[in-house]
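Here the structure is laid out as structure tokens; the discussion comes afterwards.
This is the structure:
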């Protein structure tokens, strides 16, 4: 069953392009037009089979039934404001940005059928060369409606993600941002700082542990700079909580307090094991 | 070619047991006797084919040609002191502990042919159920001789690790500990603190990024408590360096200094990409 007829994906990078592939693979939409800031990328996405048409102008949104905003956070708002007056009245617009409060509060005012989405399928790899339709399968997608969101459209958008194999969780944009600050933005901030403090000449002697724990620091700097700033307050309080935890661990080592130290490590281990 | 005749492995957990398996698979030794604090573990290691005999008393070290100390750090010194007077004069003794200065400085005084080794093949998984002969292949093994180490024995021990597929790097115990504080002990301390500060009820909404960056916090608490304390000074200065990096990142976010923020993230990304 087709869920939407004409789809426009704006931003044909890893998430946007992979979404195109997945929607086509599952036959959920009739045709997909892709747009990219860099014209070459939309062409590559077409070659990869992620979109049917590569467009060069935002005018293509005019007859779209579903628009997917898949650019970095700041550009999502910028582009949405540009297209708000061009789209059909019943056009559904979703985004896939990593923070939701700023985007949803701004866009729900200008686009009646806007629904914020956050598929947790990102990766430190980016761009059209890494497209993969399977990244949404068994993955989490958080949808962040407001009190005003049309329930029928919310159901339809939820169904779309579930059809791609995602587990859908509904949260308010504010709760989403508070939670993601802990579960995603803080780990990224920590990973960037961890690799940042390791002398470059020692990298050849690193272990699998260092590689794993800093993998996400190979993520795009501009994209994550925008995420950090758009979820600034929540992230700052998570960073403070982390600094306190680290300071206590450091103190236990400083004072050779083996009992406290092992208690801290054992509690952490126990919590990590729940993560699977 | 057999490198050693009679081998005794003390501590038949993940590293000790896997070493047994690998040595037998490559036919590098004639027979292996295993000892474990928990008698049951040595029995399981025998069943798994990692050792030929499961012993219950340290007396078995008497006719050993090679003894491998594969217990946690503190027990390595304790056991080595116990066996020092029982072993043959030409018996080679190696350990596989994660810190080297304390162990090597103490043991090289009582065991003439002691050579500190550190195969970077550990894992957050432990114990006899996870034995795997392949964990040394394409992995790094750091060997930490002293000025007094017999060169022929050093060559033989290096050859043993290379035969198991490891890349051998020779460092002094002091340099080893300074480097590993950065490349292994700091990432562990950070991972334990990161998972420690995340509210337990949010774990179900975590992403692959959080899972990767905290994987090593599922490591054994006692083992890592000992590692942290036995490399205390080096680790404390690494923790300070990390705290500074994190504070600068936090300040950039606090002050909405996007340029500085993106510079920090881009430098980190560039360094991480060198790690492969």
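Protein chains in written order, with my numbering: chain A, 2 to 277; chain B, 2 to 277. C-beta atoms are modelled at their ideal positions from N, C-alpha and C, and glycine is treated no differently. What you are looking at is a predicted structure, and each value in this text was computed from that prediction instead of being measured.
Starting from residue i, trace the beta strand (DSSP E) both ways and give me its first and last residue.
i: residue 119 (chain A); result: 115 to 120
i: residue 5 (chain B); result: 5 to 11
i: residue 35 (chain B); result: 30 to 36
i: residue 96 (chain A); result: 93 to 96
i: residue 168 (chain A); result: 168 to 171
Just curious, the alpha helix (DSSP H) that residue i is in, first and last residue?
i: residue 17 (chain A); result: 15 to 26
i: residue 67 (chain A); result: Segment 67 to 70 is the beta strand (DSSP E) holding residue 67 (chain A); no alpha helix (DSSP H) there.
i: residue 61 (chain B); result: No alpha helix (DSSP H) holds residue 61 (chain B); DSSP gives it neither H nor E.
i: residue 155 (chain B); result: 152 to 164
i: residue 145 (chain A); result: Not the alpha helix (DSSP H): residue 145 (chain A) falls in the beta strand (DSSP E), residues 141 to 145.
i: residue 256 (chain B); result: Careful: residue 256 (chain B) lies outside any alpha helix (DSSP H) and carries neither H nor E.
i: residue 215 (chain B); result: 209 to 215
i: residue 138 (chain B); result: First-last for residue 138 (chain B): undefined, no H or E at that position.
i: residue 223 (chain A); result: 222 to 231
i: residue 48 (chain A); result: 40 to 48
i: residue 197 (chain A); result: 187 to 198
i: residue 84 (chain A); result: 74 to 84
i: residue 178 (chain B); result: 174 to 181
i: residue 106 (chain B); result: 102 to 111
Could you check how far apart the C-beta atoms of residue i and residue j are, in whole angstroms? I think they sit under 8 Å.
i: residue 71 (chain B); j: residue 11 (chain B); result: 6 Å
i: residue 99 (chain A); j: residue 228 (chain A); result: 5 Å
i: residue 191 (chain B); j: residue 214 (chain A); result: 7 Å
i: residue 112 (chain B); j: residue 81 (chain B); result: 6 Å
i: residue 233 (chain A); j: residue 254 (chain B); result: 6 Å
i: residue 142 (chain A); j: residue 167 (chain A); result: 4 Å
i: residue 242 (chain A); j: residue 193 (chain B); result: Going by Cβ atoms, the distance from residue 242 (chain A) to residue 193 (chain B) rounds to 14 Å, so no, they are not a contact pair.
If you count every other CB in all the chains shown that lies within 10 Å of the CB of residue i, and 16 or more means buried, which is it?
i: residue 210 (chain B); result: buried
i: residue 245 (chain A); result: exposed
i: residue 119 (chain B); result: buried
i: residue 200 (chain A); result: exposed
i: residue 273 (chain B); result: buried
i: residue 102 (chain A); result: buried
i: residue 186 (chain B); result: buried
i: residue 235 (chain A); result: buried
i: residue 39 (chain A); result: exposed
i: residue 277 (chain B); result: exposed
i: residue 252 (chain B); result: exposed
i: residue 79 (chain B); result: exposed
i: residue 61 (chain A); result: buried
i: residue 26 (chain A); result: exposed
i: residue 260 (chain B); result: exposed
i: residue 178 (chain B); result: buried
i: residue 7 (chain B); result: buried
i: residue 189 (chain B); result: buried
i: residue 58 (chain A); result: exposed
i: residue 207 (chain B); result: buried
i: residue 316 (chain B); result: Missing from the structure shown is residue 316 (chain B); chain B here goes from 2 to 277 and no further.
i: residue 106 (chain B); result: exposed
Give me, in chain order, the residues of the same chain whose beta-carbon lies closer than 7 Å to that of residue i; leave out the 5 immediate sequence neighbours on both sides.
i: residue 77 (chain A); result: 70, 96, 98 and 104
i: residue 183 (chain A); result: 239
i: residue 154 (chain B); result: 93, 114 and 116
i: residue 146 (chain A); result: 116, 155 and 171
i: residue 225 (chain A); result: 189
i: residue 1 (chain B); result: In the structure as shown, chain B begins at 2 and stops at 277. Residue 1 (chain B) is therefore absent and cannot be evaluated.
i: residue 139 (chain B); result: 166
i: residue 1 (chain B); result: Because residue 1 (chain B) is not part of the residues shown, which for chain B are 2 to 277, the question remains open.
i: residue 175 (chain A); result: 102
i: residue 169 (chain B); result: 142, 144, 159, 162 and 163
i: residue 75 (chain B); result: 227
i: residue 83 (chain B); result: 59
Sorted by chain position, which residues of the same chain lie with C-beta nearer than 8 Å to residue i's C-beta, five sequence neighbours on each side aside?
i: residue 41 (chain B); result: none
i: residue 180 (chain A); result: 172
i: residue 230 (chain B); result: none
i: residue 9 (chain A); result: 33, 34, 35, 36, 56, 61, 62, 65, 67, 68 and 69
i: residue 158 (chain A); result: 93, 95, 116, 118 and 144
With a threshold of 6 Å on Cβ separation, who are the neighbours of residue i within its own chain once the five nearest residues in sequence on each side are excluded?
i: residue 5 (chain B); result: 30, 66 and 67
i: residue 250 (chain B); result: 265
i: residue 55 (chain B); result: 35, 43, 44 and 47
i: residue 23 (chain B); result: 134, 137 and 165
i: residue 17 (chain A); result: 10 and 71
i: residue 131 (chain B); result: 15
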